[in-house]
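Take 236 as the starting number for the sequence shown in our numbering and just add one per residue.
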Amino acid sequence: MTLLFHNTTFDKIDVWKKTIKKYFKNENIISIKDYKKFNAVKYAIVWNLPDEVLPKLKNLKVIFSMGAGVDHILKLNNYNKKIPIIRIKDTLMGERIANYSLAQLLNYQLNFKIFQNSQNKRYWSGERTPIDNKNLTVGILGLGFLGNHIARLLCKLDYNVIAYKKSPTKVKNIKIYTGKNILRFIKNSDVIISILPSTPQTNNMINKKFLTTMKKNSCLINIGRGNTIEEKDLLNHLKKNKNFFAYLDVFKNEPLKSSSQFWKLPNVTITPHVAGVTAIEPSVRYMYSIYKKLKINKKVKSDVNLSNGY
Ligand code: GLV
Numbered sequence: 236m237t238l239l240f241h242n243t244t245f246d247k248i249d250v251w252k253k254t255i256k257k258y259f260k261n262e263n264i265i266s267i268k269d270y271k272k273f274n275a276v277k278y279a280i281v282w283n284l285p286d287e288v289l290p291k292l293k294n295l296k297v298i299f300s301m302g303a304g305v306d307h308i309l310k311l312n313n314y315n316k317k318i319p320i321i322r323i324k325d326t327l328m329g330e331r332i333a334n335y336s337l338a339q340l341l342n343y344q345l346n347f348k349i350f351q352n353s354q355n356k357r358y359w360s361g362e363r364t365p366i367d368n369k370n371l372t373v374g375i376l377g378l379g380f381l382g383n384h385i386a387r388l389l390c391k392l393d394y395n396v397i398a399y400k401k402s403p404t405k406v407k408n409i410k411i412y413t414g415k416n417i418l419r420f421i422k423n424s425d426v427i428i429s430i431l432p433s434t435p436q437t438n439n440m441i442n443k444k445f446l447t448t449m450k451k452n453s454c455l456i457n458i459g460r461g462n463t464i465e466e467k468d469l470l471n472h473l474k475k476n477k478n479f480f481a482y483l484d485v486f487k488n489e490p491l492k493s494s495s496q497f498w499k500l501p502n503v504t505i506t507p508h509v510a511g512v513t514a515i516e517p518s519v520r521y522m523y524s525i526y527k528k529l530k531i532n533k534k535v536k537s538d539v540n541l542s543n544g545y
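In structure tokens form, the structure reads like this:
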């Protein structure tokens, strides 16, 4: 039987291919160039599959997303909602995204961006007292599997962690805000780490009203999806508030164009969508475990709740 692999953006594609071959050894692994074999494809391991390929995969049984996000599949016009999607839920990815969040949080907390900007001007800016962990309330916007990893690391380090989540839940040591309490969550956060998925509800959720509700000398770390930020509003906010910092890993359009104003602002740090790089071995192993279940049970439960949109 046949497995389609497609990804043109991730690092270490050769390792991905080798690892997929190691686990799925009974499958014929093809790329989108092998269109003559599309009819035989039962499994697809993909990231940003071109929309026109999907209707040609007439015998597709399951789509494995190579990341935690599934928006790259749901946005395809030709996606047939009956085909289950499996996403990566991996503790190593959780560790990576928590490390990234901590690094950017510390960058803000210890004034590193200010010192870097001073260094660029060969200017000794002098002592600045950092904020201590216990005095910093970190708001996590989106407390799913990965958000929980971030929250756990920050709680261990004595930060005061609060979170906003779509549906009510209880998590030890974390005050959770839901539903209409979003403004209270924003007001009570000293800094916000956003890890929202891309859905119609989260589109432009971080807009002028959101940003002006945030504390003035604050910081926004976005490691969710770019569509959640109204970028024009964030640019205006950053220009008006020089002591407001943005750490942006995701954008509405990636790669970010060289003409984007975000590159030039001294209070912005940009990384190229690397906060939660997928760990290859555990992810392929996980996909293989689902594949084995599918072989036995003939069906598999989708990880995506289509009414939630993620
Ligand atoms: C990365 O953005 C992912 O969805 O894993």
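Ideal placement from N, C-alpha and C gives every residue a C-beta, glycine not left out.
This one's a predicted model, so the numbers in the text were calculated from it and none came from an experiment.
Using only the alpha-carbon positions, how far apart do HIS472 and VAL288 sit? Computed Cα separation, rounded: 41 Å.
Are the segment 447 to 466 and the segment 409 to 426 touching, with three or more C-beta to C-beta distances below 8 Å? Output reads yes: the segment 409 to 426 touches the segment 447 to 466.
Does any C-beta atom of chain B lie closer than 8 Å to the C-beta of ASN312? Given the protein chain composition of this structure (a single chain), no chain B is represented.
Please report the Cβ distance between LEU376 and TYR394, rounded to the nearest whole angstrom; I am assuming they are in contact, meaning their Cβ atoms lie under 8 Å. Not really, about 15 Å apart at Cβ, beyond 8 Å.
If the criterion is Cβ atoms closer than 8 Å, does the pair LEU345 and PRO319 meet it? no
Report the option in TYR335, ASN263, ILE265 and ILE397 whose CA atom is closest to the CA atom of VAL509. TYR335
If contact is defined by three or more beta carbon pairs under 8 Å, each pair taking one atom from either stretch, is the segment 488 to 503 in contact with the segment 296 to 309? no
At a cut-off of 7 Å, is THR513 close to the ligand GLV when judged by its beta-carbon and the heavy atoms of the ligand? yes
For the alpha helix (DSSP H) that ASN457 lies in, which residues bound it at each end? Note, ASN457: premise wrong, no alpha helix (DSSP H); beta strand (DSSP E) at 454 to 457.
Checking the sheet assignment: what are the DSSP bridge partners for TYR399? TYR399 is bridged to LEU376 and TYR412.
Which runs of the alpha helix (DSSP H) at least 4 residues long sit entirely within the segment 458 to 492? Give them in chain order. 466 to 475
LEU295, DSSP secondary structure in three states: coil
Name the two residues that bound the continuous beta strand (DSSP E) containing HIS307. Taken as a continuous stretch (DSSP letters only), HIS307 belongs to no beta strand (DSSP E), being part of the alpha helix (DSSP H) at 306 to 309.
Between which residues of its own chain and ILE264 is the CB-CB distance below 7 Å, once the five residues before and five after are set aside? LEU238, PHE240, ILE255 and LYS256
Quick check: TYR258 and LYS291, are their CB atoms within less than 8 Å of each other? No, the Cβ-Cβ distance between TYR258 and LYS291 is not below 8 Å.
Use the C-beta contact count for ASP286: other C-beta atoms within 10 angstroms, 16 or more gives buried, fewer gives exposed. exposed
Check whether ASN543 and THR413 have beta carbons under 8 Å apart: no
Integer Cβ distance of ILE308 from TYR314, believed to fall under 8 Å: 6 Å
Would you call the segment 294 to 301 and the segment 514 to 530 in contact, with 3 or more CB pairs under 8 Å? yes
Given GLN339, which residues of its chain have a CB within under 6 Å of its CB, disregarding the five upstream and five downstream residues? Excluding sequence neighbours, GLN339 sits near ILE456 and TYR482.
Distance between LYS499 and ASN478 (C-alpha atoms, nearest Å): 15 Å
I'd like to confirm the pairing. Which residues does DSSP put opposite TYR278 in its beta bridges? LEU238 and VAL297
Exposed unless 16 or more other CB atoms sit within 10 angstroms - verdict on PRO507: Exposed, because fewer than 16 other Cβ atoms sit within 10 Å of the Cβ of PRO507.
Quick check on the burial criterion: 16 or more other C-beta atoms within 10 angstroms. Buried or exposed for TYR358? It is exposed - the Cβ of TYR358 has fewer than 16 other Cβ atoms within 10 Å.
Thinking C-alpha only, which one of GLY361, THR372 and LYS405 is nearest GLY379? Shortest Cα-Cα distance from GLY379 to any of GLY361, THR372 and LYS405 involves LYS405.
Alpha carbon to alpha carbon, how far is LEU371 from SER266? Whole-angstrom Cα-Cα distance: 48 Å.
Can you tell me whether ASP484 is buried or exposed? The criterion is at least 16 other CB atoms within 10 Å of its CB, across all chains shown. buried
Just to check, is the beta-carbon of HIS508 closer than 7 Å to a non-hydrogen atom of the ligand GLV? yes
I'd like to confirm something about ILE430: is its beta-carbon nearer than 7 Å to some heavy atom of the ligand GLV, or not? no
Check for me: the alpha helix (DSSP H) holding ASN546 runs from which residue to which? The question about residue 546 has no answer, for the chain in this structure spans 236 to 545.
So for THR244, helix, strand or coil by DSSP? Coil at THR244, not helix or strand.
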